[in-house]
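The opening residue of the sequence shown carries number 1 in full-length UniProt numbering; numbering runs sequentially from there. Where a beta carbon is used, it is the ideal one built from N, C-alpha and C, also for glycine. All figures in this text were calculated on a predicted structure; none of them were measured in a lab. To start, the structure itself, in structure tokens.
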Amino acid sequence: MENKKMDRRVRKTRMQLRAGLTQLMREKPIKDITVRELAQLVDINRCTFYLHYRDIYDMVEQVEQEVFDEFEEIVNTYSPEDLEARPLSLLLALFEFFAANADLSSAFLGGNGDMAFFNKLIDMIRDRVLEYWQREQKKDPEQFDYYFSFLASGFIGTIREWFARDMKETPAQMAAMAEQLVLYGMGR
């Protein structure tokens, strides 16, 4: 029983630290965030922080890895065949993911965020879309980098705009809009 309480406390502390980090990332670059100010913000002792992380960079890295693992799990459930049969389902899953992680995602996409993290997420999607491109589309692989760069930039821009508008649309509405743009452009 004591172990479960400890796990719950650890989870709660990590959630508090993550929320505090997110708040501070909206205000300043990661390099300017200190353990002291984060600990004060979330009302914990600095020693408690160090029970979980070596420093701010270690915390950012661990949080990114947790989010990356969750994202990878989602993306890996979609095969090239799935993308061909129902492209909306992956888009919906991605928008749901970003909605569930809106606090952290918006901080990472903001001016003080870590675009390298988003580039890792995009690279994972790239691999899945490349498989689809090569297998189903049978188009010139030389053109893929242009195609995907366009898609990825548009997707990130759409996520940013969605966050800027306080996510008024549902993930389903955003996925449908993105699917429309990808499949038909703005003309339909």
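Given a cut-off of 9 Å on the beta-carbon distance, is the pair residue i and residue j in contact?
| i | j | result |
| --- | --- | --- |
| residue 260 | Leu-109 | It is not possible to answer for residue 260, since the shown part of the chain is limited to 1 through 188. |
| Thr-77 | Ala-93 | yes |
| Leu-51 | Leu-24 | no |
| Pro-80 | Val-182 | no |
What whole-angstrom Cβ distance do residue i and residue j have, given they're in contact under 8 Å?
| i | j | result |
| --- | --- | --- |
| Tyr-132 | Glu-179 | No, Tyr-132 and Glu-179 are not in contact; Cβ-Cβ is about 14 Å, not under 8 Å. |
| Val-63 | Arg-18 | 6 Å |
| Ile-159 | Phe-68 | 16 Å between Cβ atoms; not a contact. |
| Leu-104 | Thr-22 | 5 Å |
| Val-129 | Phe-155 | So it is not a contact: roughly 11 Å between Cβ atoms. |
Beta-carbon within less than 8 Å of residue i's beta-carbon, same chain only, minus the 5 sequence neighbours each way: which residues are those?
| i | result |
| --- | --- |
| Thr-48 | Thr-13 and Ala-39 |
| Asp-82 | Ser-89 and Leu-90 |
Taking only beta-carbon positions, decide if residue i is within less than 9 Å of chain C.
| i | result |
| --- | --- |
| Glu-81 | In summary, chain C is missing from the structure at hand, where a single protein chain is found. |
For residue i, which residues from the same chain have a beta carbon less than 7 Å from its beta carbon, with the 5 sequence-adjacent residues on both sides left out?
| i | result |
| --- | --- |
| Asn-45 | Ala-39 |
Can you list, in chain order, the residues of its chain whose CB lies under 6 Å from that of residue i, leaving out five sequence neighbours each side?
| i | result |
| --- | --- |
| Lys-4 | Below a pLDDT of 50, predicted positions are generally treated as unreliable, and Lys-4, at 48, falls in that range; the measurement from the model is reported next regardless. Excluding residues within five positions, none has a Cβ falling inside 6 Å. |
Practice task
Run through the stretch 50 to 113 for me and flag every whole alpha helix (DSSP H) of 4 or more residues, listed as ranges in chain order.
Solution key: Annotation note: the stretch 50 to 113 contains the following uninterrupted alpha helix (DSSP H) runs of length 4 or greater, listed N- to C-terminal: 56 to 76, 80 to 85, 87 to 100 and 102 to 109.
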